[in-house]
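J.: Each residue of the sequence shown is one higher than the last, beginning at 379 in our numbering.
No residue lacks a Cβ here, since even glycine has one placed at the ideal position from N, Cα and C.
Pasting a structure below so you can have a look.
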Amino acid sequence: MLERLFQDVNPGVARILDAALDGKELSTADAATLLRVRGADLQALQRAADLARKEDVGDDISFVVCRNINFTNICYVGCSFCGFARHKNDAAADAYDRSMEEILEKCGDAVARGASEVCIQGGIHPNKDHTHYHEILTTIHSAFPQLHIHAYSPEEVDFAHRKSGMELDDYFRWMMEAGLGSMPGTAAEILDDEVREILSPRKLTVARWEEIVRTAHSVGLPSTSTLMYGHIETPEHIANHIALLRDIQKDTGGITEFVPLGFIHEKNMLYNVLGSRPGASMSEDLRLIAVSRLMLRPWITNIQVSWVKMGAKLAQVAMNSGANDFGGSLMEESISRESGADHGENMPAEEFRRLIRELGRVPVERNTTYGVLARFEDPALDPASLEPERRIELAGPARQRDRDPMGRDAPASAPVLAAG
Ligand code: SF4
Numbered sequence: 379m380l381e382r383l384f385q386d387v388n389p390g391v392a393r394i395l396d397a398a399l400d401g402k403e404l405s406t407a408d409a410a411t412l413l414r415v416r417g418a419d420l421q422a423l424q425r426a427a428d429l430a431r432k433e434d435v436g437d438d439i440s441f442v443v444c445r446n447i448n449f450t451n452i453c454y455v456g457c458s459f460c461g462f463a464r465h466k467n468d469a470a471a472d473a474y475d476r477s478m479e480e481i482l483e484k485c486g487d488a489v490a491r492g493a494s495e496v497c498i499q500g501g502i503h504p505n506k507d508h509t510h511y512h513e514i515l516t517t518i519h520s521a522f523p524q525l526h527i528h529a530y531s532p533e534e535v536d537f538a539h540r541k542s543g544m545e546l547d548d549y550f551r552w553m554m555e556a557g558l559g560s561m562p563g564t565a566a567e568i569l570d571d572e573v574r575e576i577l578s579p580r581k582l583t584v585a586r587w588e589e590i591v592r593t594a595h596s597v598g599l600p601s602t603s604t605l606m607y608g609h610i611e612t613p614e615h616i617a618n619h620i621a622l623l624r625d626i627q628k629d630t631g632g633i634t635e636f637v638p639l640g641f642i643h644e645k646n647m648l649y650n651v652l653g654s655r656p657g658a659s660m661s662e663d664l665r666l667i668a669v670s671r672l673m674l675r676p677w678i679t680n681i682q683v684s685w686v687k688m689g690a691k692l693a694q695v696a697m698n699s700g701a702n703d704f705g706g707s708l709m710e711e712s713i714s715r716e717s718g719a720d721h722g723e724n725m726p727a728e729e730f731r732r733l734i735r736e737l738g739r740v741p742v743e744r745n746t747t748y749g750v751l752a753r754f755e756d757p758a759l760d761p762a763s764l765e766p767e768r769r770i771e772l773a774g775p776a777r778q779r780d781r782d783p784m785g786r787d788a789p790a791s792a793p794v795l796a797a798g
């Protein structure tokens, strides 16, 4: 019967999947082949990646309660895919540069809502320098020492470090003393200089991105890793990008996770003026999750979905295609929203748990570096995610209303559905 299920799979694809499941390292050519599969081959890829996920990290699905804080949207780098940046003269419109009081207020709100992490990133404001980045850290860390500060993309590090006149490793140590806990591996987009020349000619080069990430790891500062897809890149660009991340990880061990980020096309130049593709299809989203699981094992074992870009339902499908982490609650999100994403800005912990339970898996709240903060083994902790029959039973007599949902008198013994 299983043979019948997979009889349509291309033998070449089957060989690559077999090798990956046997622990052999995928070449970039193998990955590029898998990044083009469709139909039965795609289903086999998803199944193989799901099996690899189970072997690598088990059935738990993690999430982190965190708050994004973008401290300024003023930026002069001019990336063609960005709908977030403003110029200073847009002040009459919606350019902003948050004060330390405003940043602290947002941190206080994050703590009150159960956050273990704040993620701090901003535009490249030409009038700021390294002291501003440092002051944000000292201000937050002295007021909320319990918060993990995940901050400053390699682009921001490049800008502030060049102004500092310090050696790069000393710069990182100075930031870590001020409270920096980890670095977002953003500003990666596609790690290919020819592609970067089109996407954002003023942004840091691949060599500088790699230097910054490797130096951060060398002084004990971990980072995430990302990739932006669905615009002008080819499967070969993606395969080379993931291979570079794998090489860095083999040397440093400093990458905590890989997060593929689908391009949001609606409100930026890359699509509207330069004519890129309008973001990834659903199949591309799932292929990328699955290929990254198979290509990065055993070096990077946490593959995260971006629910902001994919939406919660496709993110659930991705959890059966190689992913094991749902990302962060965010609480506020402007970068994707201002490019046209419409999947919301806040995902409360209860909603993560419901989505994970629906998959029959166990929700785990983690910290930034994948330490377990709470494992919610017992399904009764999340009654809203139980099957309908059980919810009726749970609602019981104590929760019966005097009137039914139509406003009529309800019989005394009638069951009432729990909110779900
Ligand atoms: S992506 Fe970042 S660096 Fe590029 S324009 Fe937007 S805010 Fe500036």
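Between the Cα of Leu399 and those of Lys432, Leu582, Leu413, spot the shortest distance and give me the residue it belongs to.
T.: Lys432
J.: Where DSSP assigns a beta bridge to Glu743, which residues make up the other side?
T.: Phe441, Ala752
J.: Taking just the CA atoms, how far does Gly543 sit from Arg665?
T.: Distance between the alpha carbons of Arg665 and Gly543 is about 43 Å.
J.: Please return the same chain residues whose Cβ sits closer than 6 Å to the Cβ of Asp386, not counting the five positions on each side in sequence.
T.: Ala418
J.: Check each residue's C-beta against every heavy atom of the ligand SF4 and list, in chain order, those closer than 6 Å.
T.: Cys453, Val455, Gly456, Cys457, Cys460, Phe462, Ala463, Gly501, Ile502, Glu533, Ser578
J.: Do the CB positions of Pro638 and Leu605 come within less than 7 Å of each other?
T.: yes
J.: Which residue from Ile394, Asp437, Ser440, Ile447 puts its Cα closest to that of Ala422?
T.: Ile394
J.: In angstroms, rounded to a whole number, what distance separates the CA positions of Val628 and Asn467?
T.: The residue you asked about is not Val; residue 628 is Lys in the sequence shown. Distance between the alpha carbons of Lys628 and Asn467: 45 Å.
J.: Let's test the definition: count the other Cβ atoms within 10 Å of the Cβ of Gln524 and tell me whether it reaches 16, buried, or not, exposed.
T.: exposed
J.: Classify Cys485 as helix, strand or coil using the three-state DSSP reduction.
T.: helix
J.: Any idea if Tyr454 is buried or exposed, counting beta-carbon neighbours within 10 angstroms, 16 or more meaning buried?
T.: exposed
J.: Please classify Tyr530: does DSSP put it in a helix, a strand, or coil?
T.: coil
J.: Any chance the segment 707-715 sits against the segment 651-665, with 3 or more Cβ pairs inside 8 Å?
T.: no
J.: Mind listing, in chain order, the continuous beta strand (DSSP E) runs of no fewer than 3 residues lying wholly within the segment 583-656?
T.: 601-607, 633-640
J.: Measure the alpha-carbon distance for Arg777 versus Pro761 and round it to whole angstroms.
T.: Residue placement at Arg777 is poorly supported in this model, since its pLDDT is 48, which falls under 50; the coordinates are not used for a value here.
J.: Taking just the CA atoms, how far does Arg476 sit from Cys485?
T.: 13 Å
J.: Quick check on the DSSP output: what are the complete beta strand (DSSP E) runs of length 3 or more inside the segment 398-451, in order along the chain?
T.: Within the segment 398-451, the complete beta strand (DSSP E) runs of at least 3 residues are 439-442, 444-448.
J.: Going by the C-beta, is Glu381 closer than 6 Å to any heavy atom of the ligand GDP?
T.: Although the ligand GDP was asked about, the structure shown includes only the ligand SF4 as ligands.
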